[in-house]
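Enquirer: The numbering of the sequence shown is the working numbering, which starts it at 79 and goes up by one.
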Amino acid sequence: MRLVQLIYCSRVVTGVHGTAITSIVDVSRINNARDGVTGALCFNANFFLQCLEGERGAVNEAYHRILRDPRHEGALLLRYAEVPKRQFGDWSMGYLSSQAMTPELLLQYGSNIRFDPEQLGAEAALDFLLDLKARAIRLREAA
Ligand code: FAD
């Protein structure tokens, strides 16, 4: 089996927020569990940043389905790599809210505190999502 990891970002279409995001995450969890795809989805007012990982065919199929979705536009592929193991294996689609996106974290990866995933390189995009995952887990444990 070829295990791959794909990371892309896209622009949120005007009017997509709240319940639309909840329904994207709910459908993603069902479909991804069915297809053996894991990953994380991060959202703020302007951008989505998502990692999909799993068997190559399953990830490619999910990505092509996602690209057709009218709730976002301007998808930019940031990373596509064969990987030895999953890094979001415990999440069928972990949702990373902007709550964990602190100014310190944003400054670590960019020139200012704006979330602009279009500026991230392949490794930075992965590291950013992993950092965000760690922060989200800490926030959840502290709640
Ligand atoms: P159907 O449910 O049959 O829908 C047909 C078309 O309508 C598709 O193009 C679909 O994208 C679109 N659509 C569906 N619901 C709505 C709606 N409420 N408003 C507007 N258009 C709609 N799906 C996954 O399976 N895994 C993921 O990880 C995943 N991540 C996503 C990340 C983002 C940023 C977005 C925007 C969507 C994501 N989705 C994901 C949802 C995905 O795009 C599809 O909607 C979903 O997989 C169902 O696909 P389908 O072909 O069965 O579509």
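All residues carry an ideal CB built from backbone N, CA and C; glycine is no exception. Small disclaimer: the values here were computed from a predicted structure and weren't measured.
(1) Please report the distance separating the alpha-carbon of Ser101 from that of Arg149.
(2) Tell me which residue opens and which closes the alpha helix (DSSP H) that Glu223 is part of.
(3) Between the region 109-129 and the region 164-184, do at least 3 Cβ pairs fall closer than 8 Å?
(4) To the nearest angstrom, how far is it from the Cα of Leu183 to the Cα of Ala136?
(5) Hey, is Arg134 close to the ligand FAD, as in C-beta under 7 Å from one of its heavy atoms?
(6) What does the alpha-carbon distance come out to for the pair Leu145 and Ala221?
(7) Heavy atom of the ligand FAD less than 7 Å from the Cβ of Pro162, yes or no?
(8) Quick one, are the C-beta atoms of Val94 and Tyr158 less than 8 Å apart?
(9) Which residue from Ala178, Leu204, Glu196 and Ile108 puts its Cα closest to that of Asn124?
Expert: In short, the structure shows the following:
(1) So the alpha carbons of these two residues sit roughly 11 Å apart.
(2) As shown, the chain starts at 79 and ends at 221. That puts residue 223 outside it, with no answer to give.
(3) The way I'd put it, the region 109-129 does touch the region 164-184; three or more beta-carbon pairs between them come closer than 8 Å.
(4) One C-alpha to the other measures close to 31 Å.
(5) No, the beta carbon of Arg134 sits no closer than 7 Å to any heavy atom of the ligand FAD.
(6) One Cα belongs to Leu145, the other to Ala221, and the distance between them is close to 35 Å.
(7) Pro162: no, Cβ never under 7 Å from the ligand FAD.
(8) Contact flag unset, no.
(9) The residue from Ala178, Leu204, Glu196 and Ile108 with its alpha-carbon nearest to that of Asn124 is Glu196.
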